[in-house]
Each structure stands twice: as C-alpha cells, then as structure tokens.
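Taking it in order: structure first as structure tokens, then the write-up.
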Amino acid sequence: MEYEVRFYFAREELEKLIEKIKNVEGLSMQNRCYEKTLQFDHPCREMSFYTKKVDGRFRVRITKNDFISECKLSWKKRLPSTTETDINKEEEVELNINYNEYENLMFIIENVLKMKSIESYERYRTIFTNNEVEIAVDEYPFGIAVEIENKSDSEEPQKIVRKWVKKLNMDIKKAYRLSWDDKYSELCKEQKIEKYNHVTFDLPMPQVID
Numbered sequence: 760m761e762y763e764v765r766f767y768f769a770r771e772e773l774e775k776l777i778e779k780i781k782n783v784e785g786l787s788m789q790n791r792c793y794e795k796t797l798q799f800d801h802p803c804r805e806m807s808f809y810t811k812k813v814d815g816r817f818r819v820r821i822t823k824n825d826f827i828s829e830c831k832l833s834w835k836k837r838l839p840s841t842t843e844t845d846i847n848k849e850e851e852v853e854l855n856i857n858y859n860e861y862e863n864l865m866f867i868i869e870n871v872l873k874m875k876s877i878e879s880y881e882r883y884r885t886i887f888t889n890n891e892v893e894i895a896v897d898e899y900p901f902g903i904a905v906e907i908e909n910k911s912d913s914e915e916p917q918k919i920v921r922k923w924v925k926k927l928n929m930d931i932k933k934a935y936r937l938s939w940d941d942k943y944s945e946l947c948k949e950q951k952i953e954k955y956n957h958v959t960f961d962l963p964m965p966q967v968i969d
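Offset between the sequence shown (1-based) and our numbering: plus 759.
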C-alpha cells in the first residue's frame, strides 16, 4: 500500500523548493531525470480502468538521464478509503522492466493485449530520499508538484508522512487529493485552454498559479 501527499506550485517556485528540501537534514538528493509515462485502458469497454468503480491507472514509464535508463510497468488504484484521512492511501504495484525491452513491451501491450492508449505526460523529476521517506519534485508542463511518500516499514506510515510535511513547513490541508490528470483537467477548464491527451512541454499549457 502507498501512503503519500502531493502539493502543487507555480513553475517559478522550482529553485526555491529544491533549495528548501536540500537544506533539510538527513536527505540524499538524486540526479534529475526525464520521465515519460504512458497510460492504457483495458481493451474491453465494460472493464475500463477509468470507471468510478475501478478508478485505476495502468502505466508504462521510462526514466532516464546521463547515468541511468529505466523502464517500469505499474498499476495504481484509488481505494474507497483513500481520502478517509489527510493522507492518500492507494493501491500500487510496480514491476521493473529491462529498458532494452521497452519496444517489445509496447508491442505486446498494443498489438497482443490490444490495450488502448488513453493519455501520457512528460516531466522532470528530482528525488530526495532516506530510509523513511521519498520526496519527489516533479516539473510538469503545467506546474511543479512536490510528492511526499512513506518508504519506511513503520506500522504508522501516515505519521511518517505528516512528520515530513511538517519538516518542509507545508500545510497538509492544502494537499491535492487527486491525480495529475485531474489537476491538469481542472487547470484547462479554469483557464480555458485546450486539453490534450498527451501532455508535453512543447504544447500550450495552463499553469498552476500560487
């Protein structure tokens, strides 16, 4: 099970956020990576992952920089209990794939399983971590997200998340409870900007405004 919270900021806040987290004692900073995430739906309409009953995301993600090239297959699903507390509790299962097998994976997903490509997004991610927590600073085309996720074996994972939210001097009441695509859709609607299924840096994008 995954326990996390997420906050959104204007793109202009990026450097300030990075410096703020770098100054928190006990965290190790990883190299900034480029990520592209593709999301697919079940080939049978009546079994769609996007129904309210399922509310899940089937994802393929590639992550790379000058030092690494990775590929991951994952399933993420909101649960009825997701918003019972101030910390998101979600089902998440991940599978690492050899990066060199990415094309073969895509062939099987699209041509054998006949899964439908629904949407995709790209972002840059910088991760800070220790044995308790993973803090990710995500640069989306429409704004910055800071995600704080429990990585400990603690029997009180929500307590760990709250601890690090407090360390970063953030207000947990301002956490965004839904997914990136919900945030993007809201911004498009609010700012009357065309919504794209594939969210990339070269397209006209709405922006998070503090």
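By construction, the Cβ of each residue, glycine as well, lies at the ideal position given by its N, Cα and C atoms.
Taking C-beta atoms under 8 Å as the contact rule, Phe960 and Pro900 qualify, at a distance of about 5 Å. Glu771 carries a helical assignment under DSSP once its states are collapsed to helix, strand and coil. Judged by their CB atoms, Lys835 and Arg818 are nearer to each other than the 8 Å cut-off.
Residue state for Ser911 is assigned as coil, using DSSP reduced to three classes.
Of Gln789, Pro839, Met788 and Val813, the smallest CA-CA separation from Asp800 is found for Val813.
In this model, Glu949 and Arg882 are separated by some 22 Å (Cα to Cα). For Val892, the enclosing beta strand (DSSP E) starts and ends at Val892 to Tyr899. When DSSP states are grouped into helix, strand and coil, Leu776 belongs to the helix group. Here the alpha carbons of Asp912 and Lys942 stand approximately 30 Å from one another. Runs of the beta strand (DSSP E) lying entirely within the segment 830-874 and spanning at least 3 residues, in chain order: 847-856.
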